[in-house]
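Residue numbers (our numbering): 213 to 826.
All C-beta atoms in this analysis are idealised placements derived from N, C-alpha and C, irrespective of residue type, glycine included.
Structure first, commentary second.
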């Protein structure tokens, strides 16, 4: 396979890059054993970790969706870039110089110009705010009315879109961008009668919105004049920007989340900026929409611990509860900040100060149940008997969903003391509700376990010759000498078609002079389905790699064809006997005896034969 980047360069970058560090920036990994890590797969939604990373083999494999590869393919698939771009990105992190021939980029890359246009726009807007007289008024507003420091302006790359409607359009045109493509990126737009193009944003503070890798893909703008019809304006959805799949400042918060072990979820980008200046640097935000399952999965990849910090008004409370439930459904442990009525985080920080915000809102965040209880109580007048009864029953019903007996006891005591009700009576009523809910939950769990157990068993009950062929492929990837031995013994005569194809690629891989190693072999493969199988085989627990084990594997692979022939002849012999064809049955019997002699006295019939599998 011809590469645009020399193999020596690719291998040098690979040697200086640890796949655990790279994947750990996007996925919360837990160490399992000496060199194995697990986490939630970033390529499909899941609640139970099935994504495995091998530090010694420098590979990853998802046992749920089959995603597999090495450090380059991970970056390529996660950030939707080319192999060359992935190598270049990792080379820059490792301070390795990489020269990529122009031919590597001769074919147009999908949406590449849209991303480049957004990058240019982000730099341009930031320059206008920080370094021009044109942006002076917006700069004074940011520092005066909004208390945004220079450090925060630089950290979040905040910019300014002037009132003139053709400033960015002219720059893009001057830099030879196709303005019709810039319309797709929602950087420019035309009027209904086709006039323009004009800049999408004007007279606003501009907040870049980044993808997971930190590349600008969209913008949010805050109006600088009260006459504007919309206080906040976000980019429309584009081929590179899906607002329900992105979280503001995700890549900026990632290092702090790894340090502090939890995420703070805000409603908007201004809350994130204000909190960052107050010392809460592990914050991300949705973009004006309810939290989606995709976004919840992104958060959980950073940490299972989440604190929601939303506005203190009724819509903010309802959104906090709704998003808490979405996060809990995706395996997160959630708390909610008790923001005072009609205040947002930015207001609170300016009124009460950074220390009070960290102490009262972040450290003093409530459990979801406590927050729900407070919110529900606001809707009731507990001085009235009817409302009081409704409230108590609602709490007891909610406690039936709580699995921790300690937590249930805590809230029951609160109820008992607040309303002067016997603790024993509350316990009896709550226990009755809990038993009913637990019974339903247990039945559902048993059904899931049964289904999962059956599918798991069916998936993992592989015939012996399958395991032997997989073991041989693993040996071949780890050491070229084993590949030569296999080529001499059986060539490409594997019984499983996919394994035969992988073996053929391995012979070609070594024939072209590449070094042994599954990570390098995955770069060589161009077949996605085979790549997934290769990674799964490479990630399986290593078997014995010695001449005795090798001979046993070869014996199983060679003899499988004989066992298939025996079974076919036994079946034919049975049919001949049913037809009273003694002559044919006797001849087949002699052939079967000869095949058994060929197998040897210690031969054991495999559990499954190909005839049964087809």
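Can you tell me whether residue i is buried or exposed? The criterion is at least 16 other CB atoms within 10 Å of its CB, across all chains shown.
i	result
residue 805	exposed
residue 752	exposed
residue 660	Residue placement at residue 660 is poorly supported in this model, since its pLDDT is 44, which falls under 50; the coordinates still yield a value, given next. That one is exposed.
residue 617	exposed
residue 338	buried
residue 678	buried
residue 350	buried
residue 423	buried
residue 762	buried
residue 758	exposed
residue 494	buried
residue 620	buried
residue 266	buried
residue 825	Reliability fails at residue 825, whose pLDDT of 37 lies under 50, so the model's placement of it is uncertain and the value that follows must be treated cautiously. Result: exposed.
residue 404	exposed
residue 556	buried
residue 479	buried
residue 420	buried
residue 307	exposed
residue 792	exposed
residue 565	exposed
Tell me, to the nearest whole angstrom, how far the beta carbon of residue i is from that of residue j; I am working on the premise that it is less than 8 Å.
i	j	result
residue 490	residue 570	7 Å
residue 548	residue 532	5 Å
residue 414	residue 377	5 Å
residue 750	residue 730	4 Å
residue 487	residue 476	7 Å
residue 536	residue 580	5 Å
residue 551	residue 521	7 Å
Three-state secondary structure (DSSP) at residue i?
i	result
residue 265	strand
residue 308	coil
residue 577	coil
residue 434	strand
residue 644	helix
residue 446	strand
residue 627	helix
residue 220	helix
residue 229	coil
residue 759	helix
residue 420	strand
residue 260	coil
residue 552	coil
residue 377	coil
residue 804	helix
residue 452	coil
residue 544	coil
residue 732	helix
residue 659	Reliability of the predicted coordinates at residue 659 is poor, the pLDDT of 49 falling under 50, and no value is obtained from them.
residue 439	coil
residue 428	strand
residue 520	strand
residue 727	coil
residue 596	coil
residue 248	strand
residue 290	helix
residue 357	coil
residue 272	strand
Counting only the same chain and skipping the five closest in sequence on each side, list residues whose C-beta sits under 6 Å from that of residue i.
i	result
residue 445	433
residue 398	412, 447, 448, 450
residue 553	524
Please go through the same chain and pick out, in chain order, the residues whose beta-carbon is closer than 7 Å to the beta-carbon of residue i, but skip the five residues on each side of it.
i	result
residue 253	262, 263, 274, 276, 277, 279
residue 259	542, 543
residue 355	none
residue 323	451, 452
residue 509	252, 257, 542
residue 340	346, 347, 371, 372, 374
residue 538	503, 505, 508
residue 722	692, 695
residue 529	587
residue 663	Per-residue confidence for residue 663 stands at a pLDDT of 43, beneath the threshold of 50, marking its modelled position as unreliable; the derived number appears in the next sentence. Nothing meets the Cβ criterion.
Quick one: residues in its chain with C-beta nearer than 8 Å to the C-beta of residue i, no 5 flanking neighbours on either side, listed in chain order?
i	result
residue 219	726
residue 391	381, 384, 385, 400, 409
residue 468	493, 494
residue 719	695, 699, 704
residue 224	308
Step through the CB atoms of chain B and report whether any lies within less than 9 Å of the CB of residue i.
i	result
residue 461	In the structure shown, chain B cannot be found, because there is only a single protein chain.
- Query: Which residue spans inside the stretch 379-412 form an unbroken alpha helix (DSSP H) run of at least 4?
  - Reply: 379-386, 391-396
- Run through the stretch 469-513 for me and flag every whole beta strand (DSSP E) of 3 or more residues, listed as ranges in chain order. If one requires a minimum length of 3 residues, the beta strand (DSSP E) runs lying completely within the stretch 469-513 are 475-478, 495-497, in chain order.
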